[in-house]
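See below for the structure under consideration.
In our numbering, the protein residues as written are 32 to 229.
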């Protein structure tokens, strides 16, 4: 491929399979046996717009309170709509449409506080040891942070592969999902905002 944007891009083996060896046998990697990595695809340049970018529709703005379990004037915490394999998977979104790079200073100043509040509320679920959170930012331009509840004692689920484990593990019962989301929403509302209990 010609016109690659950087030396990093020019040295990659496009169209070839790279080795999964660095991951195999790792303490957090959920697969074993023969594993084949898909061939590395050529870069797509320019990149297609994300949802909410370059005039495309923003699903978060279109349905601001969809799956909301808690909110205040700046933030909305949404539970995953499908039942998850983890005790809770949630997404914190800014009430207004911003990207990470243009969050206003007054909103940015509350981000650490709200991440800590959400993480602590999730860790209050009796089956949860830790709360992992991350931002990928490739699906939607609208600022969002994902929260994944790591179950107590399940040491294999530590680290970046927790999102894969969430898809692999059997879904929790609907009643447990409701109990967990209600507990998190109620805990958050004690320090402000509104619990959305269905």
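Every residue, glycine too, gets a C-beta built ideally from N, C-alpha and C.
Leaving out five residues on either side along the sequence, give the residues of the same chain with a beta carbon under 8 angstroms from the beta carbon of residue i.
i: residue 156; result: 118, 119, 180, 211, 214 and 215
i: residue 14; result: Any question about residue 14 goes unanswered here, given that the chain covers just 32 to 229.
i: residue 87; result: 80 and 81
i: residue 102; result: 96, 108, 126, 224, 225 and 227
Whose C-beta lies closer than 7 angstroms to the C-beta of residue i among residues of the same chain, with five residues either side of it excluded?
i: residue 84; result: 172
i: residue 130; result: 172 and 174
Name the residue from the options whose alpha carbon lies nearest to the alpha carbon of residue i.
i: residue 44; options: 69, 162 and 100; result: 69
i: residue 76; options: 34, 113 and 58; result: 34
i: residue 176; options: 109, 114, 158 and 205; result: 109
i: residue 72; options: 41, 197 and 205; result: 41
i: residue 116; options: 197, 132, 136 and 217; result: 197
i: residue 185; options: 218, 195, 194 and 160; result: 160
What number of angstroms, rounded off, separates the C-alpha of residue i from the C-alpha of residue j?
i: residue 183; j: residue 203; result: 15 angstroms
i: residue 187; j: residue 60; result: 8 angstroms
i: residue 138; j: residue 54; result: 38 angstroms
i: residue 174; j: residue 146; result: 13 angstroms
i: residue 169; j: residue 37; result: 20 angstroms
i: residue 52; j: residue 192; result: 16 angstroms
i: residue 189; j: residue 165; result: 13 angstroms
i: residue 106; j: residue 126; result: 5 angstroms
i: residue 111; j: residue 46; result: 35 angstroms
i: residue 28; j: residue 167; result: Lying before the first or after the last residue shown, residue 28 is absent from the chain, which here runs from 32 to 229.
i: residue 158; j: residue 140; result: 31 angstroms
i: residue 162; j: residue 121; result: 11 angstroms
i: residue 201; j: residue 58; result: 21 angstroms
i: residue 104; j: residue 39; result: 42 angstroms
i: residue 218; j: residue 100; result: 11 angstroms
i: residue 135; j: residue 92; result: 18 angstroms
i: residue 74; j: residue 195; result: 24 angstroms
Give the C-beta separation of residue i and residue j to the nearest angstrom, bearing in mind that I take them to be a contact with Cβ-Cβ under 8 angstroms.
i: residue 123; j: residue 178; result: 7 angstroms
i: residue 220; j: residue 148; result: Not quite, the Cβ-Cβ distance comes to about 11 angstroms (not below 8 angstroms), so this is no contact.
i: residue 114; j: residue 206; result: Wrong, their Cβ atoms sit about 10 angstroms apart, outside the cutoff.
Residues in its own chain within less than 6 angstroms of residue i by CB, not counting five upstream and five downstream?
i: residue 90; result: 82
i: residue 208; result: 114
i: residue 48; result: 68 and 70
i: residue 56; result: none
Three-pair Cβ contact test at 8 angstroms for the segment 53–68 versus the segment 148–166: The segment 53–68, when compared against the segment 148–166, does not touch it at the 8 angstroms Cβ threshold.
Does the segment 220–227 come close enough to the segment 90–106 to have 3 or more Cβ pairs within less than 8 angstroms? Because the criterion of three Cβ pairs below 8 angstroms is met, the segment 220–227 and the segment 90–106 touch.
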